[in-house]
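Keeping their order, the protein sequence lines are chains A and B.
Sequential numbering of the first sequence, starting at 2, is according to the working numbering.
Sequential numbering of the second sequence, starting at 2, is according to the working numbering.
Think of the CB as a built atom: it goes at the ideal place given N, C-alpha and C, for glycine as much as any other residue.
Take a look at the structure set out below.
2 protein chains.
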Amino acid sequence: MKDHMNYTLLCDFYELTMGNGYFQTGHAGQICYFDVFFRNVPDGGGFAIAAGLEQVADYIERLRFDEEDISYLRGKGCFCAEFLEYLKTFRFTGDIWAVPEGTPIFPGEPFLTVRAPAIEAQFIETFLLLTLNHQSLIATKTNRIVRAAGGRPVSEFGSRRAQGPDAAILGARASYIAGCAGTACTLADEIYGAPAGGTMAHSWVQMFPDEYTAFKTYCQLYPHSATLLVDTYNVLKSGVPNAIRAFQEVLLPQGITSCAIRLDSGDLTYLSRKARKMLDAAGLTECKIVASNSLDEYIIRDLLLQGARIDSFGVGERLITSKSEPVFGGVYKLAAVEDGAGNIIPKIKISENAAKITNPHFKKVYRLFENDTGKAFADLITLHDEVVEESQPLELFDPDATWKRKTFTDFTAKELLVPVFQRGRRVYRSPSILEMRTYCAAQIDLLWDEVKRFENPHNYYVDLSQKLWDIKQQLLKGRR
Amino acid sequence: MKDHMNYTLLCDFYELTMGNGYFQTGHAGQICYFDVFFRNVPDGGGFAIAAGLEQVADYIERLRFDEEDISYLRGKGCFCAEFLEYLKTFRFTGDIWAVPEGTPIFPGEPFLTVRAPAIEAQFIETFLLLTLNHQSLIATKTNRIVRAAGGRPVSEFGSRRAQGPDAAILGARASYIAGCAGTACTLADEIYGAPAGGTMAHSWVQMFPDEYTAFKTYCQLYPHSATLLVDTYNVLKSGVPNAIRAFQEVLLPQGITSCAIRLDSGDLTYLSRKARKMLDAAGLTECKIVASNSLDEYIIRDLLLQGARIDSFGVGERLITSKSEPVFGGVYKLAAVEDGAGNIIPKIKISENAAKITNPHFKKVYRLFENDTGKAFADLITLHDEVVEESQPLELFDPDATWKRKTFTDFTAKELLVPVFQRGRRVYRSPSILEMRTYCAAQIDLLWDEVKRFENPHNYYVDLSQKLWDIKQQLLKGRR
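Now the structure itself:
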């Protein structure tokens, strides 16, 4: 079993130089609000899926500088003694709100908000971003692949190409939340409960005098979970016939009809159609065909369009690294500070690039659902103390073209962010991984198909309340 | 400080089902040889850089199934009681040879070889591949970026976009070995000694009433390491003038002339040239200009070609994920087995795709250097017991076009793989990370510039000895 770890120093060094600076200049206790949000959906998709919150909460709970950390920092020679002393009892004392894992999220909306003294809020930036960026990336990619498979199970097979041990384990976790049926990563099962499975590699076949013996032996050992890898020598001339023989000789006499073959190379459409015919002709109509080999959502879609007879997919490197777009660009931006009297002073980060201007203030996010269809039609970002009245008509407008306005009635508004920490205390316990997976699938069902297209998806509306929009405009006018 | 972890179950589940199968069928003790090699250099480059060996060795040393692991496996219901009992005392008892970290490696040649009982050799596959693939990927990418920077220091800034905690920490480690000057990742410094540094984020500037106060305060706190981030508001109208004022008011009176500004957005060529003129006009000729913002080897090359006045680079997501090609395709293939009498029986994996046919047998790899230039001109893969005689002319031939032959004299032959484990005992201790970095740079200096081109590099020769080539041909003819 993997032990827990002290990730306290998994931070950019500047979090510490800034922390020491805040400490020495009296800014350390200044209450700040930071938002985590992203700007672009990977692969040009219509939405992303939030994941990684449980690891963020674990990190916050365990945050402490041990003797070795303090000694290391002292050796750097740039931190004052009082700051190092302060770090010995450093704990997170603030508040965190976040969307539950598995929630579909859209560009520009905060999916995690921190309220904490400057020094604490700043310090946790790196770990929060890397964890949310990584798992949200893999969850988002996985869900594309799972949707392409159209209900056929997809297993995560990518450990050997993952970017380090955590990428394998946590990637398997995120992929299960986002819809994978299981993983090859045993440790992800032991730690997180993402069900692990797997049968044989080519080396198993090579270890025996011939393919038939290798298959027969495997069926004898594992009669109830025999998936035979049929491409070590020649799929149609050797692999499938030997598999059929092994199934017939070992499984059928025991009354076992559920079994499978796996194709890991070659033209998967052609081979799966031929193999299906051979299996059916042998009476093995319940034998499944599993396919693997550099698959992703596009290849799976094409295979199925071409009539491949594949029952389930194993997906490796292109899922576990999100190969086509391996970066999820979540950012952590200051949205407000509090003055001494507890008043919230909104802050904005302007940019030459209009898309990079941040939404100021302490906010919340509502997801709006049509009552007749149940489908989500927009997200609305409001000030923290605004309430959306479902009984009143709601006017939404495009924040970039404010003359585009539309009024909605008969809708339900649901707040997306839930409290995770209150005054340093963890108040949110993650559901089981299976519950998260079920929740994720249910939330995605509430999106229109148009938002789920792979190419040119419908642009889901993320609007600002009038009050928030007004404050943003005032800040923009007020800046140099 | 991060604790050590038990990664024993970080394996594909099929390693366990096969292990149980080998155990039950008497194959567990069969001595096997497995090679790790790769087929394609990422980004179309001329060579890759091996990294990750120290973590592989740590993993092998710590390999053991604890009570929790055994209990988890028992719960899966597919492993026999004797196998679970056997796992309680499972240790690696075999031999491992590998190239030292930082060594340039080429497609097709083993850069790690395992000789061990089948059950052990099979079991370690997943962790070995994921570790070597990840760190070799980042080392290879980093070295491209470092070479593009032409001697200007490159710092690794990517933790927040890394694929999980290990990807940040171990990625920083690999990037330092391959030539980065440092990292922003504090934990990579604490654990591995990759020097961490960093100064301020935009939030520092936002926390103060104005940019000038933020800069002045920072210079007062850190007069000897002040790198001021000048793009929060407007680089040329506000950032650079405020930085100059802070440097002049705080640093110059103390006689400190070494300082820096950082550009993190906008047209880096234009801004750096303008900023350079302003700094020089203010007498701050020793002030360095640091640039960051989605850089990679291509952008850095273009910036320098266009006359950007940048002294050092911070590189984030495109390095830490190797964004343009985030997968290093190292594989683990059976090369031979031993019979009961200790004879080595070569094994080959054939494929429709000629490039995927493996090189059989227990092998070693020589790197051949010209004595007059000192440069490497080819690698030669031989049988394990062949000796290359430097005093004799050496005939090399293209393994795909054997009529292409050339005879070499006046060369030096150096074996690339060194013993890492012998009969289960670790016999190789990694040099310090700084020694690895120095070694890596020296080895790359021994390659011809033609091999180091970004586009269409010269194809470095990796040839087979006549004996090895003959055995491979015999096996190919002998297969179905």
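- Message: Checking 9 Å against the spacing of the C-beta atoms, do Ala99 of chain B and Phe112 of chain B come in under that value?
- Response: Contact annotation: Ala99 of chain B and Phe112 of chain B have beta-carbon atoms nearer than 9 Å.
- Task: With DSSP collapsed to three states, give me the class of Val332 of chain B.
- Result: It is a strand residue.
- Task: Could you tell me which residues DSSP pairs with Ser392 of chain B in its beta bridges?
- Result: For Ser392 of chain B, which the question treats as bridged, DSSP gives no partner whatsoever.
- Query: Any chance the region 125 to 138 of chain B sits against the region 7 to 21 of chain B, with 3 or more Cβ pairs inside 8 Å?
  - Reply: These segments touch.
- Message: Please return the same chain residues whose Cβ sits closer than 7 Å to the Cβ of Pro458 of chain B, not counting the five positions on each side in sequence.
- Response: By the criterion of a C-beta distance shorter than 7 Å, Pro458 of chain B is surrounded in its chain by Gly46, Gly47, Glu451 and Val452, once the five residues flanking it on both sides are discounted.
- Which residue's Cα is closest to the Cα of Glu102 of chain A: A:Val57, A:Gln249 and A:Glu318? Among A:Val57, A:Gln249 and A:Glu318, the Cα nearest to that of Glu102 of chain A is on A:Val57.
- Extent of the continuous alpha helix (DSSP H) run through Pro242 of chain B: Pro242 of chain B -> alpha helix (DSSP H) spans Val241 to Ala247.
- Query: Any beta-carbon of chain B closer than 9 Å to the one on Ala355 of chain A?
  - Reply: Closer than 9 Å to the CB of Ala355 of chain A there is not a single CB belonging to chain B.
- Message: Could you tell me the alpha carbon to alpha carbon distance between Asp340 of chain B and Asp373 of chain B, rounded to whole angstroms?
- Response: Whole-angstrom Cα-Cα distance: 45 Å.
- Message: Closer than 8 Å is the cut-off here; do at least three beta carbon pairs connect the region 333 to 352 of chain A with the region 36 to 46 of chain A?
- Response: Because the criterion of three Cβ pairs below 8 Å is met, the region 333 to 352 of chain A and the region 36 to 46 of chain A touch.
- In whole angstroms, what is the alpha-carbon distance linking Asp446 of chain B and Asp401 of chain A? Approximately 54 Å, taken between the alpha carbons.
- Message: Let me make sure I understand the geometry here. Which of A:Tyr299, A:Asn21 and A:Gln467 has the alpha-carbon closest to that of Leu222 of chain B?
- Response: Considering only alpha carbons, the answer is A:Asn21.
- Item | Contact check, Ala49 of chain B vs Ile106 of chain B, beta carbons under 9 Å | Remark: C-beta atoms of Ala49 of chain B and Ile106 of chain B approach each other more closely than 9 Å.
- Query: Taking Cβ positions only, does Tyr333 of chain A come closer than 9 Å to chain B?
  - Reply: True, the Cβ-Cβ gap to chain B drops below 9 Å.
- Just the C-alpha distance for Asn294 of chain B and Arg310 of chain B, rounded to the nearest angstrom, thanks. Their backbone Cα atoms lie some 16 Å apart in a straight line.
- Query: Excluding sequence positions up to five away, which residues of its chain have a Cβ less than 6 Å from the Cβ of Gly183 of chain A?
  - Reply: Here the set comprises Ser156, Pro196 and Gly198.
- Task: Compute the beta-carbon to beta-carbon distance between Ile224 of chain A and Val206 of chain A, rounded to the nearest angstrom, for a pair I have assumed lies under 8 Å.
- Result: Correcting the residue identity first, residue 224 of chain A is Pro in this sequence and not Ile. Rounded, the Cβ-Cβ distance is 18 Å, inconsistent with contact.
- Item | Below-9 Å beta-carbon distance, Met201 of chain A vs any chain B residue | True, the Cβ-Cβ gap to chain B drops below 9 Å.
- Query: If you draw a straight line from the C-alpha of Lys442 of chain B to the C-alpha of Leu469 of chain A, how long is it?
  - Reply: Reading the sequence as shown, one finds Ala at residue 442 of chain B and not Lys. Using only the alpha carbons, I get a separation of about 54 Å.
- Message: For Lys3 of chain A and Thr322 of chain B, what's the separation of their Cα atoms in angstroms?
- Response: Low confidence applies here, because Lys3 of chain A scores a pLDDT of 46, under 50, leaving its location unreliable; read the following figure in that light. Rounded to whole angstroms, Lys3 of chain A and Thr322 of chain B show a C-alpha spacing of 24 Å.
- C-alpha gap between Gln255 of chain B and Ala227 of chain B, whole angstroms: Rounded to whole angstroms, Gln255 of chain B to Ala227 of chain B spans 13 Å at the Cα level.
- Query: Count the other CB atoms within 10 Å of the CB of Cys81 of chain A; is the residue buried (16 or more) or exposed (fewer)?
  - Reply: By the neighbour-count criterion, in which 16 or more other beta carbons inside 10 Å mark a residue as buried, Cys81 of chain A falls on the exposed side.
- Round the Cβ separation of Lys319 of chain B and Val291 of chain B to the nearest angstrom and send it over; I've been treating them as touching at under 8 Å. According to the sequence displayed, residue 319 of chain B carries Arg and not Lys. No, Arg319 of chain B and Val291 of chain B are not in contact; Cβ-Cβ is about 17 Å, not under 8 Å.
- Query: In this structure, what does DSSP give as the bridge partners for Gly183 of chain A?
  - Reply: Answer by DSSP bridge pairing, in chain order: A:Ser156.
- Message: For the region 165 to 182 of chain A against the region 158 to 175 of chain B, do three or more pairs of beta-carbon atoms, one drawn from each stretch, fall closer than 8 Å, so that the two count as touching?
- Response: Judged by Cβ distances under 8 Å, the region 165 to 182 of chain A makes contact with the region 158 to 175 of chain B, as three or more pairs qualify.
- Message: Here's the rule: buried if 16 or more other CB atoms are within 10 angstroms of the residue's CB, otherwise exposed. What is Arg438 of chain A?
- Response: Burial of Arg438 of chain A is indicated by the presence of at least 16 other C-beta atoms within 10 angstroms of its C-beta.
- Message: If you measure between the beta carbons of Cys186 of chain B and Ser160 of chain B, is that distance less than 9 Å?
- Response: Yes, the pair counts as a contact, with Cβ atoms nearer than the cut-off.
- Task: Output, in chain order, the set of chain A residues within a Cβ distance shorter than 7 Å of Tyr73 of chain B.
- Result: Among the residues of chain A, those whose CB is under 7 Å from the CB of Tyr73 of chain B are Glu191, following chain order.
- For Glu110 of chain B, go through chain A and note every residue whose CB falls closer than 8 Å to its CB, in chain order. Near Glu110 of chain B there are no residues of chain A at all, since even the closest Cβ is about 19 Å away, more than 8 Å.
- Query: Relative to the C-alpha of Pro432 of chain B, which residue among B:Met279, B:Asp67 and B:Val421 is closest?
  - Reply: Taking each of B:Met279, B:Asp67 and B:Val421 in turn and checking the Cα distance to Pro432 of chain B, the smallest one comes out for B:Val421.
- Message: Give me the residue from A:Ala179, A:Gln136 and A:Arg116 with the minimum Cα distance to Val147 of chain A.
- Response: Taking only the C-alpha atoms, the option nearest Val147 of chain A is A:Ala179.
- Query: Closer than 7 Å, Cβ to any Cβ of chain A: which residues of the region 123 to 142 of chain B, in chain order?
  - Reply: Answer set for the region 123 to 142 of chain B: Gln123, Thr127, Leu130, Leu131, Asn134 and His135.
- If Thr114 of chain B and Leu418 of chain B are in contact, beta carbons under 8 Å, what's the gap, nearest whole angstrom? With a Cβ gap of about 6 Å, Thr114 of chain B and Leu418 of chain B count as contacting.
- Message: Please tell me whether Ile106 of chain B has its Cβ less than 9 Å away from any Cβ of chain A.
- Response: No, because no Cβ of chain A sits closer than 9 Å to the Cβ of Ile106 of chain B.
- Indicate whether Glu326 of chain B and Pro43 of chain B have their beta-carbon atoms separated by less than 9 Å. In this structure, Glu326 of chain B places its C-beta atom within 9 Å of the C-beta atom of Pro43 of chain B.
- How about Thr218 of chain A and Phe209 of chain A: do their beta carbons lie closer than 9 Å? Thr218 of chain A places its beta carbon less than 9 Å from that of Phe209 of chain A.
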